[in-house]
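First the structure, in the form of structure tokens, and then the observations on it.
2 protein chains.
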Amino acid sequence: MTSKNNATGIENDMKNEKQMNGAESLLRTLVNTGVEVCFANPGTSEMHFVSALDRVEGMRPILGLFEGVVTGAADGYARMTGKPAATLLHLGPGMGNGLACLHNARKAGSPVINIIGDHATHHRRFEAPLTSEVETFARTVSHWVRTTRDARSVAADTALAVQAARAHPGQIASLILPADAAWDAAERPAQKLPEAPRAQVSDEAISQVAAILKSKKVAIMLRGDVLEDEGLIAAGRIASLTGARLVCDTYTPKIQKGAGRVKVERLPYRPTPAIEFLKGIEMMVLVGTQPPVAFFAYPGLPNELTPAGCGVMTLSFPHEDGTSALIALADYIGAPPTPTLVRDSLPKFSLGLNALTSAEVGRIVADNLPVNAIICDESITASAGHFAIFDCAAPSDYLQTTGGAIGHGLPMAVGASVACPDRKVIVLEGDGSAMYTIQSLWTMAKEQLDVTVVIYANNTYAILRDELINVGATEGPQASAVFDINGPVIDWVRMANSMGVEAAVASTPSQFSDIFKSAMKYNGPFLIAASV
Amino acid sequence: MTSKNNATGIENDMKNEKQMNGAESLLRTLVNTGVEVCFANPGTSEMHFVSALDRVEGMRPILGLFEGVVTGAADGYARMTGKPAATLLHLGPGMGNGLACLHNARKAGSPVINIIGDHATHHRRFEAPLTSEVETFARTVSHWVRTTRDARSVAADTALAVQAARAHPGQIASLILPADAAWDAAERPAQKLPEAPRAQVSDEAISQVAAILKSKKVAIMLRGDVLEDEGLIAAGRIASLTGARLVCDTYTPKIQKGAGRVKVERLPYRPTPAIEFLKGIEMMVLVGTQPPVAFFAYPGLPNELTPAGCGVMTLSFPHEDGTSALIALADYIGAPPTPTLVRDSLPKFSLGLNALTSAEVGRIVADNLPVNAIICDESITASAGHFAIFDCAAPSDYLQTTGGAIGHGLPMAVGASVACPDRKVIVLEGDGSAMYTIQSLWTMAKEQLDVTVVIYANNTYAILRDELINVGATEGPQASAVFDINGPVIDWVRMANSMGVEAAVASTPSQFSDIFKSAMKYNGPFLIAASV
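Top line first, the protein sequences correspond to chains G and W. Our numbering applies: residue 2 is where the first sequence begins, and numbers increase by one. Our numbering applies: residue 2 is where the second sequence begins, and numbers increase by one.
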């Protein structure tokens with residue numbers, strides 16, 4: 002026990018009143034390192050961590066009734082704050098349930114710290130029911146994995162986990178906490194480790210790109226924090242001067258969109274349109290991303306989407322400071338101080354009288370978007386036209402499912418809303434996708450998050466029907482049986498109500514418009530089932 | 002193309018009309034090896050497998066809207082049929098969502114064959130959104146993992162996967178199918194591999210146990226198919242002659258229970274009562290199980306539950322033919338041909354007038370149990386008294402969550418009902434546990450499975466409250482926030498209705514009794530929320 006800890010007057014439930022246990026040293030280290038939220042679905046092995054929540058100030062626990070809610074929320078939180086939340090998970094299977102959303106977080110470059118309880122070290126050699134190789138579960142998605150040795154090691158390991166998570170781009174750090182490392186006596190928490198400055202792009206690399214911009218038709222491919230604020234403005238300045246196209250990946254972790262901002266084009270999903278889209282480009286300049294590749298392979302179609310004869314050069318790797326590089330590049334080439342910004346407004350639109358379409362849903366959302374909303378888009382087939390529509394809507398942050406593991410939209414919205422309680426969060430969600438992590442609605446109700454969920458209720462895995470054709474296969478009745486989610490049709494109002502979320506159905510454009518407008522005035526979770 | 006396949010008149014969608022693709026050779030091999038059901042949640046990479054379902058007779062696809070439904074159902078199906086179903090999963094994250102229930106299946110010794118699509122081999126080197134280390138996901142729970150090399154290898158690999166799954170006890174076999182191995186041309190399906198006979202226990206081992214039974218106070222610990230039919234009768238014969246106690250693990254994959262059957266005691270969950278329960282035993286004889294260990298470790302309590310001074314000897318390892326060994330042992334010691342059977346009936350019980358309790362729910366279920374029902378018990382804290390009650394009820398098969406990964410009861414019921422459509426399946430389910438895989442209700446409605454779901458709606462993770470105390474920790478308001486699932490309270494009727502399942506709430510014993518009796522006459526899925 003150090004005098005420092007005596008001075009802060011820590012109380013605990015150990016025999017020795019002056020001594021904290023491992024769980025408390027972990028929690029205090031998280032708080033010391035700036036981690037303020039813990040999305041949790043704990044079990045027995047995590048009880049000392051849970052108990053410590055009442056002895057340590059500064060950590061907000063948020064319960065998810067399924068681990069995918071927990072991990073997807075941590076991703077949404079990280080995307081909006083740029084810093085990690087902790088997750089609290091129960092051994093291998095508990096982590097297993099969280100892996101799909103962690104996969105997406107990994108692809109998004111989001112920082113996440115997973116705290117995964119395990120059996121006490123002296124219990125692990127037995128084949129108890131929950132005994133599993135927790136590290137093997139963790140390795141599937143984690144950049145950093147460590148099983149802490151004992152209670153005295155927990156604080157240092159936690160500080161290292163936070164450091165790993167906060168790398169550029171963010172990483173998935175998984176700290177496995179044996180139960181005895183939680184309940185045994187620890188010494189003290191650790192402080193945050195000093196941070197190395199972010200790697201800078203060399204002047205040489207910048208001047209090389211500058212030369213290319215003069216001589217070639219260029220597409221600048223952007224990903225990461227360069228799609229926000231100064232980075233986006235600098236990219237716009239470069240485009241304004243040189244005519245270079247600004248392009249983002251089909252699924253990008255976060256991008257600022259809307260009127261008064263710099264416009265970025267989205268790479269199409271399918272390989273043939275993507276290659277067509279990039280036609281005529283002589284050089285792709287990468288800023289925080291990789292040369293574009295197809296989402297899936299298809300028989301006879303290319304994997305790589307860079308057009309024939311087009312070169313590729315890297316302005317900044319994902320770990321480098323792309324924003325500073327773009328600013329330096331813009332200044333170097335003498336770009337104007339202000340870029341061309343989106344001034345267009347959406348063409349006049351009259352509500353149709355017929356059945357509601359997905360396109361109309363997107364358009365009505367865009368027309369009624371509050372300023373500074375956060376859009377979590379997992380509408381899959383419904384979203385084809387969305388990206389462009391929101392260019393001309395009110396300014397927003399636009400988040401997508403980055404790793405193709407569906408069921409991410411709702412949890413991501415939970416985390417985004419916890420991160421930004423004063424902003425409206427809007428989820429554009431496929432019905433099939435919503436069902437993977439539908440328990441998210443309960444957390445939205447519990448925490449009274451200001452989230453409007455729009456379900457595109459087409460009662461089918463529409464993407465699979467498309468993809469069946471794309472891969473050259475055929476559909477018969479047996480295949481249809483795994484595409485249709487219409488027998489029974491899901492009653493979205495009852496589903497939402499069952500977990501304490503208000504909801505309504507919209508079957509026509511005017512119904513949807515009315516309900517959506519009301520939802521924008523409502524503060525709290527609300528679900529709209531758009532029958533499309 | 003072999004003449005055999007020409008003879009069966011296979012049609013396909015490939016250019017060469019006479020040639021099947023890898024997916025079809027996989028599917029035909031599964032059918033050839035006796036795999037008849039495929040629980041599926043496919044994605045793009047699995048579309049050729051899905052398409053082949055319409056060209057191959059003998060495989061029933063069953064859609065789950067979440068992968069945990071799929072894998073838990075495969076476990077329930079395996080427990081009731083003794084043979085594997087296939088699962089169809091989408092790359093690493095899709096398998097991730099199925100891992101928790103596969104963990105339970107692994108602990109249950111259930112045979113399961115996972116077919117996991119992956120990117121085409123030429124696409125895997127790219128960091129596409131869904132690119133992941135699928136084998137790493139699979140290794141967390143699988144006894145056998147293989148990534149098939151190409152379409153011509155698929156048939157042989159599938160036959161090996163089925164062989165691996167059908168080992169004794171059953172295993173988790175995971176076959177990773179790159180998209181091009183599904184769509185490229187294959188030669189022909191494979192036939193089922195010859196099966197080796199199950200390992201027999203030596204006469205020497207049997208005579209050693211026989212000698213012990215004469216001289217020591219013995220507990221025979223039973224797990225696996227010895228808890229059914231001839232094995233259970235033989236165990237009962239031995240107990241009748243020698244006074245040996247028959248004991249099963251706290252969580253056992255499957256046991257036949259009820260009046261007219263051999264009674265087996267259940268090892269208590271907590272270490273101290275478990276050791277007390279085994280007090281006086283001088284030798285534990287293991288039949289298909291291991292020496293008992295605590296579910297979790299607790300500070301200051303033992304991990305191993307074998308009483309001090311008690312010996313341990315193995316009659317049969319899990320892979321051996323325990324049933325034949327028990328029969329041989331019973332004959333060797335001259336046990337009577339018929340064991341002592343449960344003749345007791347439950348004491349007279351009057352419905353209380355007060356609020357419904359968990360104990361009353363169990364008792365009413367037991368009193369109104371149809372003959373030959375299948376009980377899937379995941380009622381956690383509510384189930385303490387259940388096991389003994391069902392000894393005196395109508396004969397049933399009793400299934401439990403074996404690996405501690407909760408959310409298994411509902412999916413297991415899906416699989417059990419698919420396996421045994423003529424039997425009533427009853428799920429005794431905690432409310433917290435139900436929420437992990439609540440999408441199971443949709444599959445129950447789609448397939449019109451004859452499943453009655455009883456939810457113990459106590460609006461809390463009651464087990465965690467108990468365990469917090471057991472591990473010596475304390476509860477404050479922050480800890481309570483992760484135990485209580487009462488803000489909002491889940492409306493179980495709306496939840497069930499939203500997915501097409503009829504439902505009702507019972508708040509008093511007479512209400513529950515009336516509704517449960519009606520449910521027993523109803524054919525199809527029905528949910529009862531028991532407010533306890």
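Built from N, CA and C at the ideal position, the CB exists for glycine as well. Only a predicted model underlies this, so the values are computations on that prediction, with no experimental measurement involved.
Using DSSP bridges, identify the partner residues of residue i.
i	result
G/Phe391	None; G/Phe391 has no bridge partner.
W/Ile529	W/Val455 and W/Ala505
W/Glu430	W/Glu379 and W/Ile456
G/Gln401	G/Asp378
W/Ala200	W/Glu321
W/Val38	W/Arg61
G/Asn22	G/Ala186
W/Met314	W/Val286
W/His91	W/Gly118
W/Arg591	Examination of residue 591 of chain W is not possible in this model, given that chain W is present from 2 through 533 alone.
Along chain W, which residues have their Cβ under 8 Å away from the Cβ of residue i?
i	result
G/Ala180	Phe297, Ala298 and Val472
G/Trp443	Met436, Ile486, Pro489 and Ile491
G/Arg495	Arg495, Met496, Asn498 and Ser499
Cutting at 6 Å between CB atoms, please list the residues of its own chain near residue i, excluding the five before and the five after it.
i	result
W/Ala182	Gly23, Thr149, Asp151, Ala152 and Val155
W/Thr82	Ala420
G/Asn7	In this predicted model, G/Asn7 has a pLDDT of only 36, less than 50, meaning its place in the structure is not dependable enough to derive any value.
W/Ala395	Gly259, Leu370 and Val372
W/Ala235	Leu327, Ile328 and Ala331
G/Ala383	Ser359 and Tyr457
G/Pro293	Leu268 and Leu306
W/Ala463	Thr382
W/Arg167	Pro112
Skipping 5 residues on each side, what residues in its chain have a beta carbon closer than 8 Å to that of residue i?
i	result
W/Val36	Met60, Lys84, Pro85, Ala86, Ala87, Ile114 and Val163
G/Phe50	Ala24, Leu27, Leu28, Pro43, Leu89, Ile116, Gly118, Leu178 and Ala183
G/Val57	Glu25, Leu28, Arg29 and Val32
W/Cys393	Gly259, Ala260, Val343, Asp345, Ser346, Leu347 and Ala367
G/Gln209	Met314
Just the chain G side, please: which residues come within less than 8 Å of residue i by C-beta, in chain order?
i	result
W/His120	Phe297 and Ala298
W/Val452	Those do not exist, as W/Val452 stays about 15 Å from chain G at its closest Cβ, beyond 8 Å.
W/Asn460	Near W/Asn460 there are no residues of chain G at all, since even the closest Cβ is about 12 Å away, more than 8 Å.
W/Ala531	The premise fails here: W/Ala531 is roughly 16 Å from chain G at the closest Cβ pair, so nothing lies under 8 Å.
Among the options, which one has its Cα closest to the Cα of residue i?
i	options	result
W/Leu100	G/Leu131, G/Gly77 and G/Ile116	G/Leu131
G/Leu450	G/His120, G/Ser441, G/Leu429 and G/Lys108	G/Ser441
G/Leu247	G/Ile207, G/Thr290 and G/Pro274	G/Thr290
G/Glu47	W/Ile529, W/Asn471 and W/Ala417	W/Asn471
G/Glu128	W/Leu306, W/Gly232 and W/Arg199	W/Leu306
G/His409	G/Ala417, G/Ser434 and G/Phe391	G/Ser434
W/Ile439	W/Leu54, W/Ala41 and W/Phe67	W/Phe67
W/Pro337	W/Ala298, W/Val428 and W/Gly237	W/Gly237
G/Asn105	G/Ala530, G/Phe513, G/Arg424 and G/Glu379	G/Glu379
G/Ile1	G/Val288, G/Thr273 and G/Thr253	Any property of residue 1 of chain G remains undetermined from this structure, which presents chain G solely from 2 to 533.
G/Ala75	G/Leu54, G/Ser52 and G/Arg107	G/Arg107
Using a Cβ-Cβ cut-off of 7 Å (strictly less than) and excluding sequence neighbours within five positions of residue i, which residues of its own chain qualify?
i	result
W/Pro308	Ile276, Leu279, Lys280 and Ile282
G/Lys518	Asn369
W/Met284	Ile213, Lys217, Val219, Cys311, Gly312 and Met314
W/Arg267	Cys249, Thr251 and Phe388
Can you pull the chain W residues whose beta carbon is under 7 Å from the beta carbon of residue i, in chain order?
i	result
G/Glu468	Thr45 and Met48
G/Phe127	Val294 and Asn304
G/Arg140	Thr137
Closer than 9 Å by beta-carbon distance: list the chain W residues that pair up with residue i, in chain order.
i	result
G/Gln578	Nothing about residue 578 of chain G can be reported from this structure: the residues present for chain G run from 2 to 533 only.
Which chain G residues sit within Cβ distance under 7 Å of residue i?
i	result
W/Lys108	Pro130
Worksheet entry | Ranges of the alpha helix (DSSP H) found wholly within the segment 256-310 of chain W, counting only runs of at least 4 | 272-278
Practice prompt. Any chance you could list the alpha helix (DSSP H) runs of at least 4 consecutive residues sitting entirely within the segment 109-187 of chain W, in chain order?
Written response: 135-140, 155-166 and 180-184
Discussion item. For a minimum of 3 consecutive residues, which ranges assigned as the beta strand (DSSP E) are wholly contained in the segment 458-518 of chain G?
Written reply: 503-507
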